[in-house]
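Numbering (our numbering), first residue to last: 2 to 131.
This is the structure:
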(Lines of atoms letter the chains of each structure in order from A and count residues from 1; the text may use other names and numbers.)
(Lines give C-alpha, C1' and ligand atoms only; values in the text may rest on other atoms or scores of the structure.)
Protein backbone atom coordinates (compact mmCIF):
# COMPACT_ATOMS: atom_id res chain seq x y z
CA UNK A 1 0.00 0.00 0.00
CA UNK A 2 1.37 3.41 -0.90
CA UNK A 3 1.33 6.39 1.41
CA UNK A 4 -1.62 7.81 -0.56
CA UNK A 5 -3.54 4.54 -0.21
CA UNK A 6 -2.79 4.58 3.53
CA UNK A 7 -4.17 8.11 3.89
CA UNK A 8 -7.35 7.31 1.95
CA UNK A 9 -7.75 4.01 3.80
CA UNK A 10 -7.58 5.73 7.18
CA UNK A 11 -10.13 8.31 6.02
CA UNK A 12 -12.54 5.68 4.70
CA UNK A 13 -12.37 3.56 7.85
CA UNK A 14 -12.94 6.56 10.16
CA UNK A 15 -16.15 7.61 8.37
CA UNK A 16 -19.30 5.66 9.18
CA UNK A 17 -21.08 4.88 5.93
CA UNK A 18 -18.13 5.71 3.66
CA UNK A 19 -18.19 3.72 0.41
CA UNK A 20 -15.09 5.21 -1.18
CA UNK A 21 -12.46 7.89 -0.63
CA UNK A 22 -10.50 9.15 -3.61
CA UNK A 23 -8.16 11.79 -4.98
CA UNK A 24 -8.63 13.21 -8.46
CA UNK A 25 -6.90 15.84 -10.54
CA UNK A 26 -8.69 18.99 -11.63
CA UNK A 27 -8.56 17.64 -15.19
CA UNK A 28 -11.00 14.93 -14.05
CA UNK A 29 -8.57 12.01 -13.92
CA UNK A 30 -8.73 9.70 -10.93
CA UNK A 31 -5.38 9.57 -9.09
CA UNK A 32 -6.09 7.04 -6.33
CA UNK A 33 -9.02 5.44 -4.53
CA UNK A 34 -9.76 3.34 -1.48
CA UNK A 35 -11.11 0.69 -1.34
CA UNK A 36 -10.51 -0.94 -4.70
CA UNK A 37 -13.43 -1.69 -7.00
CA UNK A 38 -15.84 -4.23 -5.50
CA UNK A 39 -14.22 -4.26 -2.06
CA UNK A 40 -15.88 -3.25 1.19
CA UNK A 41 -18.85 -4.67 3.09
CA UNK A 42 -21.50 -6.36 0.91
CA UNK A 43 -24.11 -3.68 1.62
CA UNK A 44 -21.84 -0.84 0.55
CA UNK A 45 -19.49 -2.17 -2.12
CA UNK A 46 -17.12 0.38 -3.59
CA UNK A 47 -18.28 1.67 -6.98
CA UNK A 48 -16.71 0.45 -10.21
CA UNK A 49 -13.84 2.21 -11.95
CA UNK A 50 -15.97 3.60 -14.79
CA UNK A 51 -18.62 4.90 -12.38
CA UNK A 52 -16.02 6.55 -10.17
CA UNK A 53 -14.27 8.15 -13.16
CA UNK A 54 -17.59 9.73 -14.19
CA UNK A 55 -18.11 11.01 -10.65
CA UNK A 56 -14.61 12.51 -10.62
CA UNK A 57 -15.31 14.26 -13.93
CA UNK A 58 -18.64 15.64 -12.67
CA UNK A 59 -17.08 16.89 -9.44
CA UNK A 60 -14.27 18.50 -11.44
CA UNK A 61 -16.87 20.36 -13.48
CA UNK A 62 -18.71 21.44 -10.33
CA UNK A 63 -15.57 22.73 -8.62
CA UNK A 64 -14.47 24.53 -11.79
CA UNK A 65 -17.86 26.18 -12.33
CA UNK A 66 -18.08 27.28 -8.71
CA UNK A 67 -14.61 28.83 -8.98
CA UNK A 68 -16.13 31.37 -11.37
CA UNK A 69 -18.77 33.99 -10.66
CA UNK A 70 -20.10 32.39 -7.48
CA UNK A 71 -16.63 32.51 -5.93
CA UNK A 72 -16.18 36.10 -7.07
CA UNK A 73 -19.47 37.06 -5.43
CA UNK A 74 -18.36 35.44 -2.17
CA UNK A 75 -14.93 37.03 -2.35
CA UNK A 76 -12.99 33.75 -2.17
CA UNK A 77 -12.73 30.52 -4.14
CA UNK A 78 -15.21 27.82 -3.24
CA UNK A 79 -13.11 24.84 -2.16
CA UNK A 80 -15.80 22.38 -1.08
CA UNK A 81 -18.87 20.90 -2.77
CA UNK A 82 -21.48 18.72 -1.08
CA UNK A 83 -24.09 16.80 -3.09
CA UNK A 84 -26.76 14.94 -1.12
CA UNK A 85 -29.60 12.60 -2.04
CA UNK A 86 -31.90 10.26 -0.15
CA UNK A 87 -29.44 7.37 -0.32
CA UNK A 88 -26.27 9.32 0.47
CA UNK A 89 -23.98 11.77 -1.22
CA UNK A 90 -20.56 13.10 -2.11
CA UNK A 91 -18.26 15.63 -0.53
CA UNK A 92 -15.39 17.01 -2.61
CA UNK A 93 -12.71 19.37 -1.30
CA UNK A 94 -9.81 20.94 -3.15
CA UNK A 95 -6.23 20.01 -2.30
CA UNK A 96 -4.40 23.03 -3.69
CA UNK A 97 -5.01 24.14 -7.27
CA UNK A 98 -4.56 20.85 -9.11
CA UNK A 99 -6.19 18.13 -6.99
CA UNK A 100 -9.25 17.38 -4.90
CA UNK A 101 -10.26 14.70 -2.45
CA UNK A 102 -13.76 13.26 -2.43
CA UNK A 103 -15.78 10.72 -0.49
CA UNK A 104 -18.96 8.86 -1.30
CA UNK A 105 -21.08 8.18 1.77
CA UNK A 106 -24.34 6.44 2.58
CA UNK A 107 -27.33 8.27 4.06
CA UNK A 108 -26.32 7.28 7.63
CA UNK A 109 -23.06 9.30 7.49
CA UNK A 110 -22.67 12.24 9.88
CA UNK A 111 -22.02 15.18 7.57
CA UNK A 112 -20.21 17.17 10.27
CA UNK A 113 -17.76 14.32 10.84
CA UNK A 114 -17.32 13.86 7.10
CA UNK A 115 -16.44 17.52 6.63
CA UNK A 116 -13.97 17.56 9.55
CA UNK A 117 -12.23 14.35 8.50
CA UNK A 118 -11.96 15.34 4.83
CA UNK A 119 -10.60 18.77 5.78
CA UNK A 120 -7.87 17.15 7.90
CA UNK A 121 -6.98 14.66 5.18
CA UNK A 122 -6.79 17.45 2.60
CA UNK A 123 -4.18 19.20 4.74
CA UNK A 124 -2.24 15.94 4.93
CA UNK A 125 -2.56 15.40 1.16
CA UNK A 126 -1.38 18.95 0.48
CA UNK A 127 1.84 18.09 2.34
CA UNK A 128 2.24 14.84 0.38
CA UNK A 129 1.81 16.60 -2.97
CA UNK A 130 3.86 19.70 -2.07
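Just so you know, even glycine gets a beta-carbon here, dropped at the ideal spot from N, CA and C.
Check: Going by other Cβ atoms of all chains shown within 10 Å of its Cβ, with 16 needed for buried, is residue 2 buried or exposed?
Finding: Because the pLDDT of residue 2 is 46, which lies under 50, any placement of that residue in the model is unreliable, and the question is left without a value.
Note to self: Classify residue 130: buried if its beta carbon has 16 or more other beta carbons within 10 angstroms, exposed otherwise.
What the structure shows: exposed
Check: What's the C-alpha gap between residue 1 and residue 35?
Finding: Here the chain has residues from 2 to 131 only, and residue 1 is not among them.
Notebook entry, point to check: So, helix, strand or coil for residue 104, using DSSP?
Noted result: strand
Notebook entry, point to check: What is the residue span of the beta strand (DSSP E) that residue 86 lies within?
Noted result: 81-86
Next item on the list: Give the single residue among 73, 105, 28, 31 whose Cα lies nearest to the Cα of residue 86.
Entry: 105
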